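Protein chains in written order, with this note's numbering: chain A, 7 to 315; chain B, 3 to 427.
Where a beta carbon is used, it is the ideal one built from N, C-alpha and C, also for glycine.
Model, not experiment: these values are computed from the prediction.
One structure is given below, encoded as structure tokens.
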């Protein structure tokens, strides 16, 4: 009884304080452990395996595997297939990015002030986002079919010749990009709509009094600058999504004709699961991840600072 | 410089009327305040004047010409918003200069990059810069030109918003609760500054506020609004001394006016808690009315005091609030009267209020504001014959340490009785 009274009055002994801290640390680690385990199993371990595979000549089902060091990466640098698929991917991104961002913004601005019809249009434009792209790709294949498809039917009816959208090397990437835009526009529109509703109405009224006569004035003075953060986010997510294009290529063109639609992810898929060069595919995947990382870093460090005020 | 007239302006939102038949004539160079509780339609009215909201019917005239068909920027009015509505992505310079850039540069001269090609732009921008600098110097924010609104304090933002309005030399300034986002101390300061700015510019100001102190202190005239109509327009003193409506009386003045239920007696005079006051109201006997007494119109005296011409109500102190120069006393009325009265007293009231038996509240019946059941002021009250005046000399009683309610001059001891002076209104 006496001892405990003294203990309360006196400062807490050093040993007890240390024990307290240790218990707190253990408890903290305990709480973080399940999440860490999940991260380890689903992300970090596969990444480590990928890294290891990229240094080997492992082939699916092979019995012995040799360690190659950086040979796979050396090969990748000079590989014409990789170079072509990278170029195709960049062309694809270069079309999809401005298309999906610009159209998404345009639709959002048009819809923002509508009252009754807004929900209807939102649903219509958002539907492609919710649908399975592989299934939709099949539909697109039919729509764009040279003989049976309605698009070419319409072109014929208007007196133009047929266009082989998916088998003409010059058209195939723009066609795939158009489908990519169709799929992304709804999502971008929703993001832009959220950004638009965050702009205070007062600003538009002040601008109106200050002499912003036309819609263009209002857009340039208020809307566009204040959508900066949203636009940045949309650009980053769109470019990463576009960079990851795979489904439409796999279903509709299989990289053809003559590799003119072979994109990075499809090239990796071919190496890994068609030719069973797992080691080389792992090296290509790492290169792919490096690009995605680059986009993310761009967002985190450069643009976050530029757009916020 | 402009005269702003409103001709029977009405506005309804989806069938719900917010303004009905507003008539207002704001003289050139006048500082007119629209005051009222929130939701009374004052902001809608100023937005109609600005052109941000179309009226359902009626007409807005600026300098005698209807402006109903004109867009906001064509009306030559500037507006200061409650939120200031500064452009967050622009620096102070661009925020203030925007109205000039919009009116003096064409679309190509404002487009990013393309504008670099214009030589005229450079010349115009130099002009604009000197004008912006002149305005910012006046407002003492010339050191802040390169800042963004997020880097400014509330008071500085307020000045930028003012600068943006001033730089155009508008015909009229419209201000929608511009001070309500500032802290109390700064608000008092900006009140003075705005009033001085108005004196300096000599431009018409139309000012919206829910704060009656702002309305009373700054304006040439005040229009008190309620429920979409203007209850009373007049000089601040008029609204205080002769409120046309019970709502005006309640809204204007802190602490609020004391209201007591009264009725017309069978003899035709005003009856308060069973006692007849020496004032008559030309209303049928028995009709109910409300008597308003300003807190400073009441004087305190020891229980049992009576004064010629003054009416007495017995009461007991509930609590007192010390405001420094004066005390705000909350007094519960005791039988036959009931209710609570607030009155303000300068100086020491302890000797009076410490009396546990209670104290007497005295007021001149003529200082009362009388309102009928609908809340309209009854103007045709008249003093009844002097029959009710007590014969005893008011100063016959020595007041001793208590306050004399009838001193010849505020602050001086009363000559007849020698008592210290109570505050006179």
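Straight-line spacing of the CA atoms in residue 248(B) and residue 225(B) works out to 15 Å.
In the structure shown, the three-state DSSP call for residue 212(B) is coil.
Only residues of its own chain outside the window of five on either side were considered, and among them 12, 13 and 230 have a CB closer than 8 Å to the CB of residue 19(B), listed in chain order. Close to chain A, meaning a Cβ-Cβ distance shorter than 9 Å, are the following residues of the region 101–131 of chain B: 101, 102, 103, 104, 105, 109, 112, 113 and 114.
Across the region 55–81 of chain B, CB contacts with chain A closer than 8 Å involve 73, 74, 75, 79, 80 and 81, in sequence order along the chain.
Between residue 89(B) and chain A, the shortest Cβ-Cβ separation is below 9 Å. Per DSSP, the beta bridge partners of residue 9(B) are 61(B).
Secondary structure at residue 200(B): helix, using DSSP grouped into helix, strand and coil. Assignment of residue 21(A) by DSSP, reduced to helix, strand and coil, places it in the helix class. By the C-beta density criterion, residue 20(A) is exposed, having fewer than 16 other C-beta atoms within 10 angstroms.
Residue 161(B) is outside the set of residues whose beta carbon lies under 9 Å from a beta carbon in chain A. In the displayed model, residue 31(A) falls within a helix according to three-state DSSP.
The alpha-carbon separation between residue 155(B) and residue 300(A) amounts to approximately 38 Å. Taking 9 Å as the upper bound on Cβ-Cβ separation, chain B lies near residues 215, 216, 217, 218, 219, 220, 222, 223, 226, 227, 228 and 231 of the region 215–231 of chain A. Residue environment: residue 189(B) is assigned as buried (16 or more neighbouring CB atoms within 10 Å of its CB, all protein chains considered). For residue 201(A), no CB of chain B lies under 9 Å from its own CB, so it is not counted at the interface with that chain. At least 9 Å separates the beta-carbon of residue 215(A) from that of residue 63(B). Counting of Cβ neighbours within 10 angstroms places residue 67(B) among the exposed residues, the total staying below 16.
The residues 171, in chain order, have a CB closer than 6 Å to that of residue 177(A) in the same chain once the five nearest residues on each side in sequence are set aside. A Cβ-Cβ contact shorter than 9 Å links residue 150(B) with residue 92(B). Spatial neighbours of residue 169(A) in its own chain (CB-CB distance under 6 Å, excluding positions within 5 residues in sequence) are not present.
A straight line joining the alpha-carbon of residue 154(A) with that of residue 83(A) spans about 42 Å. Taking 3 residues as the minimum length, the beta strand (DSSP E) runs contained wholly in the region 231–261 of chain B are 231–236, in order along the chain. Residue 160(A): member of the alpha helix (DSSP H) spanning 156–163, first to last residue. For the 9 Å CB-CB criterion, residue 88(B) and residue 163(B) form a contact. For a Cβ distance threshold of 9 Å, residue set 49, 52, 54, 74, 81, 83 and 87 of chain B lies close to residue 211(A), ordered along the chain.
In terms of Cα proximity to residue 125(A), the closest of 235(A), 146(A), 90(A) and 199(A) is 199(A). The way I'd put it, the region 53–67 of chain A does touch the region 282–289 of chain A; three or more beta-carbon pairs between them come closer than 8 Å.
DSSP places residue 324(B) in the uninterrupted beta strand (DSSP E) bounded by 313–324. The alpha carbon of residue 132(B) has as its nearest neighbour, out of 377(B), 309(B) and 169(B), the alpha carbon of 169(B). Counted as a single uninterrupted DSSP element, the alpha helix (DSSP H) harbouring residue 211(A) occupies residues 207–215. Rounded to the nearest whole angstrom, the CA to CA distance from residue 337(B) to residue 361(B) is 12 Å. Taking 8 Å as the upper bound for CB-CB distance, residue 124(B) and residue 107(B) are not in contact here, some 11 Å apart. Secondary structure note for residue 142(A): its alpha helix (DSSP H) is the uninterrupted segment 139–149.
Burial check for residue 177(B): the Cβ neighbour count within 10 Å reaches 16 or more, so the residue is buried. Proximity to residue 135(A) across 242(A), 293(A), 106(A) and 159(A) peaks at 106(A), based on C-alpha coordinates.
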